[in-house]
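The numbering of the sequence shown is the working numbering, which starts it at 51 and goes up by one. Beta carbons are placed, not taken as given, at the ideal position from N, Cα and C, and that holds for glycine.
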Amino acid sequence: MNQAVNGLYRIPCRIGSDKPLYQHVLANGDTVLWIDAGIASTPEQDMFPYWHRLAGEAVAEQTHLLVITHADVDHYGGMAAMRNKLPFLTAMAHIADVPWIADTERIIAERYNMHAADGMGLTPERIAQLKERSGGGGRVDTALSGGETLQLDEAGQWRLIHTPGHTPGHLMLWEENAACAVIGDAALGRGLFNTTGKLVAPPPYYDCAAYRQTIETIRELQPDIVYTSHFPVMEGAAIRRFLNESLDMMRQLDQTLRLLPKCCGYSLGELCLETGSRLGYWPETAWAGLSDPLSAHLQAMFREGAVRVEVENGRRQYYFQ
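Shown next, in the form of structure tokens:
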């Protein structure tokens, strides 16, 4: 058990064989606030056993709330399993992410398979895996906009802050008196690590301006301790270093694109290969994951007139000006 403030618990989980996931719970007497639901199997595998060991028979008498920080299957996929055990669960999420949480086909089409038009579509096996992990999605009872405060008495007053960039409706939780932040995937450093501490994937953000502002928002809060969904707990200088790395990764990706030769067009796949090989942070098998942040940078560059897009043989080609 890892507590930052009274009533905050952190549950170590895992996705597959080597992806770390941390679930967070706030508890005050009869009220339990779950922060995210993991993938479809996480509640039965990790969350419920942990809470039963802690709360015992009182679980059935408690009021259970769920805040979904954002629409990704590893954050909302366990909602259906939670409702099976906790039929009076109240689920909350930002209004911008509610349609994706409610509709698995839609989130696959609009988020996970968004690069199909660039020739980088998902395999049928990956789509099937996402559907399984999503648990079928489901209804959100309360749509949030950010700015709401959850009063949990001795467990604190937690403000919900809209922190887009990773998704349009990402939320973080902030307890001012404890200077404690639970940020989900709001900032992602240089990318994601496996359970052995190896950097294995680029940071998936989708809107450069929003993601940059979110990082600055977290910095301006000056948290003493930060909890994320995929990284170790951070305090003091480690927080500042992580936020600086997040911004610096944006700068490096942007600069790499701008320094590419301007004599020819590039497909998104070619840009992933160029960027992955030039920066060298991630294994080659992960370079395709650069399609997410690179698309965000390409959109920003298109708006400023630094890149033009043409369709050649049914595929988009990007030309740098």
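Residue of TRP224, ARG291, SER345 and VAL148 minimising C-alpha distance to PRO254: Checked all of TRP224, ARG291, SER345 and VAL148; the closest Cα to PRO254 is SER345.
As assigned by DSSP and simplified to three states, the class of TRP337: In the structure shown, TRP337 sits in a helix (DSSP, three-state: H, G or I).
4-residue-minimum alpha helix (DSSP H) runs that sit fully inside the segment 83 to 123, ordered along the chain: 98 to 105
Residue from VAL148, ASP86 and LEU104 with nearest C-alpha to GLY388: Beyond the ends of the chain as shown, which are 51 and 371, falls residue 388; an answer cannot be given.
Chain-order list of residues whose beta-carbon lies under 8 Å from that of ARG156 (same chain, five-residue window excluded): PRO149 and TRP150
Member of HIS347, GLY239 and THR113 whose CA lies at the smallest distance from the CA of THR306: HIS347
Beta carbon of THR213 nearer than 8 Å to that of ALA236: For THR213 and ALA236, yes; Cβs fall inside 8 Å.
Cβ distance (whole Å) where ILE265 is taken to contact SER296 below 8 Å: Cβ-Cβ separation between ILE265 and SER296: approximately 5 Å, consistent with a contact (criterion under 8 Å).
Residue closest to TYR331, alpha-carbon to alpha-carbon, out of THR246, THR245, LEU76 and GLN302: GLN302
Residues bridged to VAL283 (per DSSP): According to DSSP, which records beta bridges pairwise, VAL283 is partnered with nothing at all.
Spatial distance of VAL82 from LEU115 (CA atoms): Between the alpha carbons of VAL82 and LEU115 lies a distance of about 6 Å.
Whole-number beta carbon distance between ARG366 and ALA167, since they are thought to touch under 8 Å: Right, their Cβ atoms sit about 7 Å apart.
Inter-residue CB distance, THR217 and HIS120 (contact presumed, cutoff 8 Å): 4 Å
Beta-carbon proximity of ASP147 to GLY187, cut-off 8 Å: no
Cβ contact check for the segment 88 to 103 and the segment 227 to 247: 3 or more pairs under 8 Å: no
Alpha carbon of GLU175 to alpha carbon of GLU182, nearest angstrom: Their backbone Cα atoms lie some 11 Å apart in a straight line.
Expected contact under 8 Å - CB spacing of ASN227 and GLY206 to nearest Å: 7 Å
Proximity to ASP342 [Cα-Cα], best of LEU271, ALA251 and GLY286: ALA251
Assigned secondary structure, ILE158 (DSSP; H/G/I helix, E/B strand, else coil): The three-state secondary structure of ILE158, taken from DSSP, is helix.
Residues of its chain near CYS322, where Cβ-Cβ distance is below 7 Å and the 5 sequence neighbours each way are ignored: TRP337, ALA338, LEU340, SER341 and LEU344
Reduced DSSP category for GLU226 - H, G, I as helix; E, B as strand; rest coil: The three-state reading of DSSP puts GLU226 in coil, since its state is none of H, G, I, E or B.
DSSP bridge partner residues for LEU76 (one or two, in chain order): LEU58 and LEU83
Alpha carbon of ARG133 to alpha carbon of ALA356, nearest angstrom: So the alpha carbons of these two residues sit roughly 48 Å apart.
Contacting residues, own chain, Cβ-Cβ under 6 Å from ALA191 (five flanking each side not counted): It is Asp, not Ala, that sits at residue 191 in the sequence shown. Once the five neighbours on either side are set aside, the close Cβ partners of ASP191 are THR140 and ALA141.
Cβ-based neighbour list, MET51, same chain, cut-off 7 Å, excluding 5 preceding and 5 following: Bear in mind that a pLDDT of 42 at MET51, under 50, signals an unreliable position, so the number given afterwards is only what the model happens to contain. Taken in chain order, the residues that qualify are TYR59.
Length of the line joining the Cα atoms of PHE292 and ILE145: 28 Å
Cα-Cα separation between TRP84 and LEU309, rounded to whole angstroms: 45 Å
Whether VAL123 touches LEU223 by CB criterion (8 Å): Cβ distance not < 8 Å, so VAL123 and LEU223 don't count as in contact.
Closest Cα partner of ASP68 within the set ALA260, ALA259 and GLY247: Closest by alpha carbon: GLY247.
MET170 - DSSP class collapsed to helix/strand/coil: It is coil, neither helix nor strand.
Residues of its chain near GLY326, where Cβ-Cβ distance is below 7 Å and the 5 sequence neighbours each way are ignored: TRP332, GLU334, TRP337 and LEU340
Beta-carbon proximity check, GLY219 vs ALA260, cutoff 8 Å: no
LEU238 versus GLU111 - alpha carbon distance: 37 Å
Bridge partners - ILE211, DSSP secondary structure assignment: Partner residues in the beta bridge of ILE211, as assigned by DSSP, are MET222.
GLN73, buried or exposed, once every other Cβ within 10 Å from all chains shown has been counted against 16: buried
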